[in-house]
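Heads up: the structure comes next, in structure tokens.
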Amino acid sequence: MAAAALTISSARSEVVEFTKPWMYSGISMLYKHLPVDSGSGWMFLRPLTLSTWIAVAIMYVAVSSAYWVVARCSSEERRRSTESGEPVFGIFNSFWAAFIPLLLRGNQEMPQALSTRLLTGIWWCFSLLILVLYSTVVAKEFTTAHYRPKVTSWKDLADGVVNFGASKRDALQYFKNSKIPEYQKIGDFLASHPAFSTSGISEGLLRVLQNPGTYAYLMETASAEYLAALVVLGPEFHRNELSKGILQVQEQGALHAIYRKYWKDRSKCPDTTKLFDQPQLDLPHLGGIFVALGIGIFLSLLGAFIEVFLYVIKRDSAQVGNLILIIYRHSPLEKHLLENSGKSSVSASQSLQICKL
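Structure follows, in structure tokens:
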């Protein structure tokens, strides 16, 4: 006599004497859905991770500050501010100018200096990329989540919605001997794709866990629900007594209570009717555009500082030229040249009068 997790089949009954089964089981699909989420009022923030939102906010503040610094360094922007009587890119206008591209709206105050134009161009490109990626993820999450390939019946499995496999010993024979068309298609698939089948339940469970949403494993229902089954069996002289005891326990409801305790109440499977979770855009996915924006901010600031440097050199050169001119006008050399030029002009006029005579 032996007790084992063994399924009663017609082939086994020919060589083994079984008691009355205490649980009736069939073939079930073991399929791991993608993570699900119940949704909330903050689902519009889900396309980007928290770190990505923080990085976008930091870049927004950095670009706004760069607008203000570059406008104060640029002579062209200072001239515009002087003509208009108020700063074109003051601190509040700078934050507003950086916020407008996020709304895909144009700014009335267009930048004139090369550095501010460079900053505006790179910030517009960054904003467009972020908005396009955000819109793509939102559209995928709210419009296509319900249309993902999902296995809800044996017909879906027979139609090849996902790959599937089974134990090479039991399930394959079950489907091959079936008269149901869907089951026959499943049996033909298992026979023609032996790579998807496994030698044991452990290997099948591992494949299901490693391939969520793309692989289903066919196994006994009781094993799929709890990954263990107990069937009492014995030789002929004990079969009737054991079968009678099993029937009595079933009538008392004890087996059903045990089944609910260990199979149903311990279930931790999520509700598959909820929306499927969508992958979020994290910093590793968007690192390139953040680096490009950082380089653009650096180049705009560098251009503004170069413009200030050239302006200072030009101004100092003009001041040095004026100083040289002032010194020259008060020097003895200038007086000597003026006297010589006066004498030469007098002699020239006298010679002209002589020629006229």
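Sequential numbering of the sequence shown, starting at 1, is according to full-length UniProt numbering. Ideal placement from N, C-alpha and C gives every residue a C-beta, glycine not left out. None of the values given here were measured: they were computed from a predicted structure.
Selected residue, minimal CA-CA separation from Ser135, among Ile186, Pro47 and Val312: The shortest C-alpha separation from Ser135 is found at Pro47.
Excluding the five sequence neighbours on either side, which residues of its own chain have a C-beta within less than 6 Å of the C-beta of Phe305, listed in chain order? none
What's the gap between the Cα of Ile130 and the Cα of Ile186? 45 Å
Between which two residues does the beta strand (DSSP E) holding Ile27 run? Ile27 to Tyr31
Under three-state DSSP, which class holds Asn93? Helix.
Contact under 8 Å by Cβ, Tyr31 with Val208: Cβ atoms of Tyr31 and Val208: closer than 8 Å.
Nearest-angstrom Cα distance between Val70 and Phe290? 20 Å
Nearest-angstrom Cα distance between Ser51 and Pro181? Approximately 52 Å between the Cα atoms of the pair.
Residues that DSSP places opposite Tyr217 in a beta bridge: In the DSSP output, where bridge partners are listed per residue, Tyr217 has Leu30 and Gly165.
Measure the C-alpha to C-alpha separation of Arg105 and Thr120 and round it to an integer number of angstroms. A direct Cα-to-Cα measurement between Arg105 and Thr120 gives close to 13 Å.
Please report the residue range of the alpha helix (DSSP H) in which Ala191 lies. Boundaries of the alpha helix (DSSP H) around Ala191: Pro181 to Ser192.
Give the secondary structure of Thr198 by DSSP, where H, G and I count as helix, E and B as strand, and everything else as coil. strand
Quick check on the burial criterion: 16 or more other C-beta atoms within 10 angstroms. Buried or exposed for Gly204? That one is buried.
For Phe44 and Ala292, the rounded distance between their alpha carbons: 26 Å
Beta-carbon within less than 6 Å of Glu76's beta-carbon, same chain only, minus the 5 sequence neighbours each way: which residues are those? Apart from sequence neighbours up to five positions away, the residues of its chain that approach Glu76 with a beta-carbon distance below 6 Å are Gln112 and Ala113, ordered along the chain.
Mapping DSSP to helix, strand and coil, what is Leu102? Note: Leu102 maps to helix in three-state DSSP.
Suppose contacts are defined by Cβ-Cβ distances below 8 Å. Is Ala166 in contact with Leu103 by that definition? no
At what residues does the beta strand (DSSP E) containing Ala3 begin and finish? Ala2 to Ala4
What residue from Trp96, Ser28, Phe126 and Asn93 has the CA that sits closest to Ile297's CA? Phe126
Would you tell me roughly how many angstroms separate the C-alpha atoms of Leu357 and Tyr311, rounded to the nearest one? Interpretation of Leu357 is limited by its pLDDT of 39, a score under 50 that renders its predicted location unreliable; no figure is taken from the coordinates.
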